[in-house]
Structures are given as structure tokens and as C-alpha cells.
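Protein chains in written order, with the working numbering: chain G, 1059 to 1373; chain L, 1059 to 1373; chain W, 1059 to 1373. For every residue, glycine included, the Cβ atom is placed at its ideal position computed from N, Cα and C.
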Amino acid sequence: MRHVQFAEDGRLRHLITLDGVSRQELEALIETALALRQTALRPVNKLPTLRGRTVVNLFFEPSTRTRTSFELAAVRLSADVVNFDVAHSSTKKGETLIDTLRTLEAMRCDLFVVRHKENGTPALLAEHAQPGVAIVNGGDGNHAHPTQGLLDMLTIRRHKGEDFSKLSVAVIGDILHSRVARSDIQALKTLGVQDLRLAAPAELLAPELRAFGQVFDRIDHAIAGADVIMMLRLQKERMDQALIASDADYFRQWGLSQERLALAKPDAIVMHPGPMNREVEIASSVADGPQSVILEQVGNGVPMRMAVMSRLLAG
Amino acid sequence: MRHVQFAEDGRLRHLITLDGVSRQELEALIETALALRQTALRPVNKLPTLRGRTVVNLFFEPSTRTRTSFELAAVRLSADVVNFDVAHSSTKKGETLIDTLRTLEAMRCDLFVVRHKENGTPALLAEHAQPGVAIVNGGDGNHAHPTQGLLDMLTIRRHKGEDFSKLSVAVIGDILHSRVARSDIQALKTLGVQDLRLAAPAELLAPELRAFGQVFDRIDHAIAGADVIMMLRLQKERMDQALIASDADYFRQWGLSQERLALAKPDAIVMHPGPMNREVEIASSVADGPQSVILEQVGNGVPMRMAVMSRLLAG
Amino acid sequence: MRHVQFAEDGRLRHLITLDGVSRQELEALIETALALRQTALRPVNKLPTLRGRTVVNLFFEPSTRTRTSFELAAVRLSADVVNFDVAHSSTKKGETLIDTLRTLEAMRCDLFVVRHKENGTPALLAEHAQPGVAIVNGGDGNHAHPTQGLLDMLTIRRHKGEDFSKLSVAVIGDILHSRVARSDIQALKTLGVQDLRLAAPAELLAPELRAFGQVFDRIDHAIAGADVIMMLRLQKERMDQALIASDADYFRQWGLSQERLALAKPDAIVMHPGPMNREVEIASSVADGPQSVILEQVGNGVPMRMAVMSRLLAG
């Protein structure tokens, strides 16, 4: 799947996964987003970058923050946005996904943000997209969520500087079901993180990710001395009920409490992709505390998505 | 709840209820809306007032006219509008209302129009809103619908002039379930109406409103000599079935027919917040007749909401 | 119904059906759309034609391509667009369709695109529309889909030139349930097509259309020597199950295969209004083959709808 997103000259044509995206490309996106941050988060005139271009939000899975973040990113670049309401779509009449893409391409839509519960749907669309049309993965199954990975890197970059190689980063929780974890881990490795720690209940650890970091079976050990703590959402909606005894039990064993946070470096930052299950994977006092950068992550999503859209549609 | 909407210097920061809003403030909003009316209702270039600002329609209750009215008001002030589809929202994943607010604030959304079936939701969000972010109540339970109250005042102002003190105003029908009635009554009292008449079936009269006007148990008595007749929607969807015997029965006892309208002053105006139950609380011949200002009310909603948004986001 | 769409001076005020629209008018719309095509399908600055105007998509039936096509047409003419989500509308509270129209008119909405499963709904709204307000039929029951008819004419015009009189055109498939077939047939006759062929299973042939062309009970005979082949979607959702034995059976008898296409003129074009049932009414190899203009039809929808909106709102 990873090769579908690159043009023959190596340029990024789509954004489907961070797997295989070069360090140079990641850094360029982060720098672009940093520069756009001012514009994105201030009430000023819009940038004319995508004037006359059309962005389609093709969300086959419900979302608030992600759809709105992409919508605002597009609007603040002066693009026109069409929200494709899937419940109302012709897919009900049996039109295939590819025909839907072809149809919207024929109306001269330029960029499609695709969220789907099945792994591989954005890659499938990217394979079939016409020249000049870009597909951005807005999250597919537990495969990838590359713009979340990128905005997380932007957030770390703002707090910890350009050099990721010295950072200790702990990724904690329901790694198995998390597309965010996969995209974060790929980006962290590409940006040079050596000390990458993965901590999850045994039944929620994705076996294929073991190769990327040091695996811990206790949260305390993973947190000790960390610079960055990335908590994951417990995705109860995707799991067999029996995996987790109770919310209270999960919090006791795997939740980020203030006591546990004290084990990390004093200037460690706490991240979460949202939406949070408060008092399940994270204590409210931590989520709302001084080391939390969770709302900044949300804010960074807008300029990062502006950077991605600009890059894919430029030229 | 009423104090959450004012800044320390007394300035209006949110609009949650008309309870406690000063006469000066009401009059300023009405005058602003009068001035905007021309622009709002003519196909001209938009006003640049809210260029670069983002308005979110956060509707937890279905609505046509109100959402569209706010959307058009925002668009005609050059704001960007995001419609937050609650059925598709992360609230399904268990995110709290406050986290939803925080998330959208972090993306630099400036004003939230909130409609919710539970009393107090807009006030709750206003309590938690960041500085510079405004909450507008788009209707909560049977508590308040302040922009409807304001647009009703604008409509009366256009027909009856600036001095409300001499007007006889009758509010008639399902007062118990009506957030519109509450906001109208508060505004009418603040603007100096002395002769305020409330008429409702005993079981649909809100006891706490008795203090605001003279209570009638027959519609004919309430209408006699009135300048303004504000009919209310019979909110069958909010009531125990048994309260009303039948539509025909209700119309016979409480409906505004042409015969009854003849009891009012010859130049009395007939108002209704919509959507109407024709031949239940109001005869079609009255609703569509020469004394009806019902469609003008709808039209006045756009400039009044423009006035409110301008006022809350200005500076 | 056909007269509701014309003003007293003969000018087109609404677009409800192509029945009765003059050849001169059809040709003017086609020429306007041809001129707009460049603009509509290129990422350039928008046309200012409808700046300050408001277009409402009033879709009571689900749709993807049609709603999006109208939305993009409006946006590319600089109009503001409101999508009226019917599931969330006040029609649930019992407001009549006419009251909904009145309400949106009062907010100064200028043009309504109406799609409804019942024949005659757009005409009903056109009868009640205020002066200056235009209704465009976005498809009603099996009655009419005039903008689809127009974009099909634009597509034929681009491939076969201005003179329709020498063309052999075959309309094939589920004519009974097709509003597209009705609008196409009316436009083709008005534009001078002499050799119009209708081919359908006996139970899917609309009796009242027999007068417009030569009826065939075998697809091969209808295709032989044709310049234009218009395939129709098999509308299984609108038919008694028993009418069609199976998809495979239908394809065998009525599907457009490559073998059958070879019976037509070598430069014949293949059209389909979409969404397609692949391998039911049309083989994928034909739909995606060199004679197919199906995606061009979709693309032509945008400039044609721009032409219609411009014409109805101009002046």
C-alpha cells in the first residue's frame, strides 16, 4: 500500500500512510505547518492558496474533530468544501466506491479526505485517482491516520525542538486498535527517536509493532524518565467486551494518573488524540493539567492539514 | 444562569437569556438589526464584519428555520460556518459536551449557536467558554430562545414604533412548553410594556409567569383591544397526550379565528414563531391574512442574528 | 404542470420539465453551458454572477451526484448554498411544504433545487413561489429530471454537432420508472431528432411514450446503426420484485455488451445517467470503454446547472 502515494519522481501525490514517508518530507511538512500556524489560528483574511479548488470530505465513519479540522483547513486556504453525507449517498443505490470517486472527479473535485472503517479504502481510491487528484487518508480502520501522526509531530517539535533523536517517547494503551499509534510510531522512528517505548495490556498490543520499540507490560516502567507520553483512547467500540474487566480496573492498571506522571521528566508533555475517556485511560486532572498539550494537538491539526493540502495540490 | 452572559464590565459576552438584559442593550440590538435589515434581505455584496471568523451551529435538536437563519446571518457577515451534525458527532464515542467545546475552540471557532432539548446547556457551555469565544442560545428546552425574542421585538418595533409602554400585548396558547414565550415576555417587560396579557388553558400556563402579566382563561378576553397578538405553537411533541382532547377542540377554545381577531384593535398585528399548526392554534385565513406579520418575523430573524453576532464578536 | 414554469411574457421562470420548453430556449441553454464549461471545470476564480444570492438544496430524496453538482454549480457562480437536511427539518413537526418554502423565501433565499419522490412537488412549489424566486426540479418521481435532460443534450451536442435532425438515438431499458428518459425524450424531439427509438421489456415501457418514437422489443434492433445509445438505470428500488427474473437474465436480454455495441455506428456514443448497475444494464467494459461519455455527462452537469441558474436568476 505504501507505494501508491508517491509519484514516479518520488513526490508525495497522496497521503495514505506515514510508512515510507521520508524524514525530509516529514520535516518540510512540519515547517510548513509551523509557518501556517499563525494564519490558521488567527482571525485574518484567508490564504488564497486553494482558491477555485474543491475539497470533498468523504467520511464513511462518523467524526467531529477530524471532519471539522479538515473543513476549516480547506476553508482557510480559500477552497470550496463539499461534505459528502454517506447516509444520503448513492452508495445506497449500489454505486461502487470507485464510481463515486470517478463521479466527483468528473465534477472537478481536487482533493478527497477519506475516512473508512475498513483498512485500505483510501489506498484503493488513491490507486484509481485521476492525475492531479489527491487522496488524503482521514483514518482507515486500525491501519493509519497520517495527518494525526503529523500534527502530533508538530506538537512535539514545538515543545521539544527539532532534534527528536534524544527524546524518550512512551506510547501507552490500546495500541492494537489504534491507527493513531501506527502513524505516530512510524513518524517518530523516521524522525530519529531511539528510545521508543510501547506499553499495553498483552491483549491490546499489536504484535507487528514490537519491532519498533521496547515493549513494557507496566505503565510505570514505560513512563519513567520519558519526555513525551502519548496516551491512546481505549477503543471499546472496536473490541470484544471481555478484553477489559471494567473502566475502573483499566484505569488502575493503565490509566495516566498524576502519581504516575510524576515518574516522567518534570517537563514531560502529555498527549492524547481524543476523544478522551476521562478516568479510563487518563485522569481529568492530568488531561486538564499544566503538562497536557492535548488541546494544542487539536489546534495544530488545522495548520498541519493546511500544509498537507497545500503540498498535495501545489503546482 | 442569567449572570454567565455578562462580562465584568457589564458588556454582553454571550446570549443565553433575555432575563436581565437591559433596555438599553435591547434597544441597541433592535436599532442595529433595523440598519442591517436592508443588507440582510437584499442581494448585495456581503458585509465584511466577520471575515475570517468561524461560526459553529451546534444543534442537538432538529431545526430548519433557526439553523438556516443563523447560517445565513453568519454567511452574510462573511463568516465561515460549520454545521456540526450531532448524529455524526464524537459525543457518540462518549466525549463530553465541554470537551466538544474545547476541541472546537482549539480549532479557533469563535461563536457557537447551541440548541439543546435540555434547559441550561447553552449556559453550561458559556460558563466554560474561553475568553473571546461567544455562545448564543439557539433554544434550550422550555427555558429561553433569546434571538426569537429579539426578532419579535424588532417586528413589533417596525409596526408599532419605539414606545412599547402604551402597547397591549397578548401572549396566547401553550405557554408552559414555550421557550419563545419566556423570552418574549422578558423582553416585552424590559421594553416597558404595561398591559401584558397571558392566556392559556390552565394546564398549559406556566405558574412562574403569572407575575409578569394579567392572566386570562379565555382567549376572547385577552384579545379584546390588543395591539399585538402573539400566538404560540401547541407543542404536542412535548406534552402528555391527555392534556389536549383534540385539535378541533383546541381550535374551538384557543385558536385564533378571524372572528376572534376582530375583537382586537383594527391595526393589531398577529405573530407566531412557527412552525404553525394550521387550524389548531391559528386559522389559515388569519395566518395568511393582512394582519399577519408571521413571515416578516422569519425575515427579521436574519438581520437580528447578524446584529447579535456582530455585537458579541466585535472588538 | 408545464405552464407553471413560464412567465406571462414567455420567459422561463422555473425549470420543472422540458415538456414545452422551446427549441430556441434549449439551444440557448446549451450554448451558455458550452461557454461556461471552461470556467466550471478549471480551477480558476469564480464567476461573480450570483454573488449575494442564496441557493437552497431542498432534497427530500437522497442523492449524491445531483446535490453535489448543483452545490458546485452554485458555488462556482459565487452563490451561497444552504443544504436543507430533510431528516432534520421542521416538516417533522408538521410544517407544510408550502410553509417551508415561505419561510426560506422570507430569509431571502433565491433559488430552490427540489428533489422529491412524488411527481409534481416542484411544480407545486413553483405555483406558490414569490416573484423573483425560482424553483428548479432536481428530479421528481418518474415525472421529470430536466437538468439531466439538458446536460445530456449538451453532451450529444459536443460529440455530434448542432444539427440533431439526422441523429439516430436509442433510449434503452427501464423507461417506465425513469424521469431521465422522459426529460431526454422531450428534449430530443424538440431539438429535431426524427429517428428516436425506445427499447424496453414490455412491462417497463411507459405506454404514453410510445407516441414519441419507434418502439422495439429487442435491444439489438434498437441499437443497429444508432449514433447515440442512452442506457437507463434499472430502478429495482421502484419496482415490483417479480418484474425482473435476475440481474444476469436482464443483462442477457437487455444489457449493453461490447458485442451489441458493435451493431451501432462505429462512432456511436454510449450514455448513462448514473449511478450504474454494472453488469446489469451495462457491461463494465462498455461503461469504461472508448465510446462511453458517461463521465463527461457528469462533468457537463456542472456548467449546465450554472447555465440554468444564471438564466433563471438573471435580471
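Practice prompt. Name, going along the chain, the residues of the region 1155-1174 of chain W whose beta-carbon falls closer than 9 Å to a beta-carbon of chain L.
Written response: Listed by position along the chain: Asp1157, Thr1158, Arg1160, Thr1161, Leu1162, Glu1163, Ala1164, Met1165, Arg1166, Cys1167 and Asp1168.
Worksheet item: Name the DSSP bridge partner or partners of histidine 1174 of chain L?
Response: Beta bridge pairing from DSSP links histidine 1174 of chain L with L:Asp1198.
Worksheet item: Looking at the C-beta of valine 1140 of chain W, does it have a partner C-beta in chain L at a distance below 9 Å?
Response: Answer yes: the Cβ-Cβ gap between valine 1140 of chain W and chain L drops below 9 Å somewhere.
Worksheet item: Listing by chain order, which chain W residues have their CB less than 7 Å from the CB of threonine 1112 of chain G?
Response: In chain order: Leu1130.
Fill in: 9 Å Cβ cutoff, glycine 1359 of chain L in contact with chain W
Output row for glycine 1359 of chain L: interface = yes.
Discussion item. Is there a Cβ of chain W sitting closer than 9 Å to that of serine 1148 of chain L, yes or no?
Written reply: Confidence in serine 1148 of chain L is poor, its pLDDT being 47 and thus under 50, which makes the residue's placement too unreliable to answer from.
Worksheet entry | Cβ distance (whole Å) where glutamate 1163 of chain W is taken to contact aspartate 1198 of chain W below 8 Å | So it is not a contact: roughly 20 Å between Cβ atoms.
Worksheet item: Would histidine 1405 of chain L be called buried (16 or more neighbouring beta carbons within 10 Å of its own) or exposed?
Response: Since the displayed chain L opens at 1059 and closes at 1373, residue 1405 of chain L lies outside it and no answer follows.
Worksheet item: Whose Cβ in chain G lies nearer than 9 Å to the Cβ of leucine 1084 of chain W?
Response: Within 9 Å Cβ-Cβ: nothing; leucine 1084 of chain W doesn't reach chain G, min ~23 Å.
Item to complete: For lysine 1150 of chain L, name the three-state secondary structure that DSSP assigns.
Response: With a pLDDT of only 47 at lysine 1150 of chain L, under the threshold of 50, the placement of this residue in the model should not be trusted; the figure read from the coordinates follows. The DSSP-derived three-state label of lysine 1150 of chain L is helix.
Discussion item. Going by C-alpha to C-alpha distance, which of G:Ser1236, G:Val1144, G:Leu1208 and G:Ser1226 sits closest to glutamate 1092 of chain G?
Written reply: The residue asked about is misnamed: residue 1092 of chain G is leucine in this sequence, not glutamate. Nearest of G:Ser1236, G:Val1144, G:Leu1208 and G:Ser1226 to leucine 1092 of chain G, Cα basis: G:Leu1208.
Worksheet item: For a contact meaning CB atoms closer than 7 Å, what does serine 1127 of chain G contact in chain L?
Response: Near serine 1127 of chain G (Cβ distances below 7 Å), the residues of chain L are Met1165.
Discussion item. I'd like the ranges of any alpha helix (DSSP H) spanning at least 4 consecutive residues and lying wholly in the region 1202-1262 of chain L.
Written reply: DSSP assignment within the region 1202-1262 of chain L yields the following whole alpha helix (DSSP H) runs of 4 residues or more, N-terminal first: 1204-1218 and 1237-1248.
Discussion item. Please identify the residue among W:Ile1243, W:Ala1258 and W:Glu1317 whose C-alpha is closest to the C-alpha of glutamine 1252 of chain W.
Written reply: It is W:Ile1243 whose Cα lies nearest to the Cα of glutamine 1252 of chain W.
Discussion item. Quick check for students: name the residue ranges of the beta strand (DSSP E) that lie wholly in the region 1323-1361 of chain G, counting only runs of 3 or more.
Written reply: You should have 1327-1329.
Worksheet item: In the structure shown, what three-state DSSP assignment does isoleucine 1287 of chain L receive?
Response: For isoleucine 1287 of chain L, the secondary structure class from DSSP, reduced to helix, strand or coil, is strand.
Worksheet item: In whole angstroms, what is the alpha-carbon distance linking glycine 1357 of chain L and glutamine 1293 of chain L?
Response: Going from the Cα of glycine 1357 of chain L to the Cα of glutamine 1293 of chain L covers about 23 Å.
Worksheet item: If we cut at 9 Å on Cβ distances, does leucine 1092 of chain W have a partner in chain G?
Response: Cβ-Cβ to chain G under 9 Å: no for leucine 1092 of chain W.
Fill in: Assigned secondary structure, aspartate 1157 of chain L (DSSP; H/G/I helix, E/B strand, else coil)
Helix at aspartate 1157 of chain L.
Worksheet item: Can you find at least 3 beta carbon pairs, one from the region 1205-1225 of chain L and one from the region 1343-1356 of chain L, that sit closer than 8 Å?
Response: Remark: three or more beta-carbon pairs, one from each stretch, lie closer than 8 Å, so the region 1205-1225 of chain L and the region 1343-1356 of chain L are flagged as touching.
Worksheet item: How should glutamine 1316 of chain G be labelled, buried or exposed, when 16 other C-beta atoms within 10 angstroms of its C-beta is the threshold for buried?
Response: The residue is exposed, with fewer than 16 neighbouring Cβ atoms inside 10 Å.
Worksheet item: Using a Cβ-Cβ distance under 9 Å, would valine 1133 of chain L count as near chain W?
Response: For valine 1133 of chain L, the nearest CB of chain W lies under 9 Å from its own CB, placing it at the interface with that chain.
Worksheet item: Should arginine 1255 of chain W and valine 1238 of chain W be called a contact, given that it needs their Cβ atoms to be closer than 9 Å?
Response: Cβ atoms of arginine 1255 of chain W and valine 1238 of chain W: not closer than 9 Å.
Fill in: Short Cβ contact (9 Å threshold) for aspartate 1157 of chain W with methionine 1334 of chain L
Going by C-beta atoms, aspartate 1157 of chain W is nearer than 9 Å to methionine 1334 of chain L.
Fill in: Three CB pairs or more closer than 8 Å across the region 1123-1130 of chain W and the region 1318-1334 of chain L
Too few Cβ pairs lie closer than 8 Å, so no.
Fill in: Exposure label - histidine 1330 of chain W; buried when at least 16 CB within 10 Å
The residue in question, histidine 1330 of chain W, is buried, as its Cβ has 16 or more Cβ neighbours within 10 Å.
Worksheet entry | Helix, strand or coil at valine 1144 of chain L [DSSP, three-state] | Of the three classes helix, strand and coil, the one that applies to valine 1144 of chain L here is helix, per DSSP.
Fill in: Beta bridge counterpart(s) of threonine 1112 of chain L as assigned by DSSP
Answer by DSSP bridge pairing, in chain order: L:Asp1138.
Worksheet entry | Below-9 Å beta-carbon distance, valine 1356 of chain G vs any chain L residue | Valine 1356 of chain G counts as touching chain L.
Worksheet entry | Enclosing beta strand (DSSP E) for glutamine 1316 of chain L [first to last residue] | Under the DSSP assignment, glutamine 1316 of chain L falls outside any beta strand (DSSP E), being part of the alpha helix (DSSP H) whose first and last residues are 1316-1319.
Item to complete: Run the CB neighbour count on serine 1241 of chain L, radius 10 Å, all protein chains shown included, and call it buried at 16 or more, exposed below.
Response: When all chains shown are included, serine 1241 of chain L counts as buried.
Item to complete: Identify whether leucine 1183 of chain L lies in helix, strand or coil by the three-state DSSP scheme.
Response: It is helical.
Discussion item. Between L:Val1191, L:Asn1200 and L:Ser1342, which has its C-alpha nearest glycine 1178 of chain L's C-alpha?
Written reply: Of L:Val1191, L:Asn1200 and L:Ser1342, the smallest CA-CA separation from glycine 1178 of chain L is found for L:Asn1200.
Worksheet item: In chain W, what lies closer than 9 Å to leucine 1182 of chain L by C-beta?
Response: Within chain W, no residue comes near leucine 1182 of chain L; the closest Cβ sits about 23 Å away, beyond 9 Å.
Practice prompt. Closer than 9 Å by beta-carbon distance: list the chain W residues that pair up with lysine 1218 of chain L, in chain order.
Written response: Neighbourhood of lysine 1218 of chain L in chain W, by CB distance below 9 Å: empty, with the nearest CB roughly 20 Å away.
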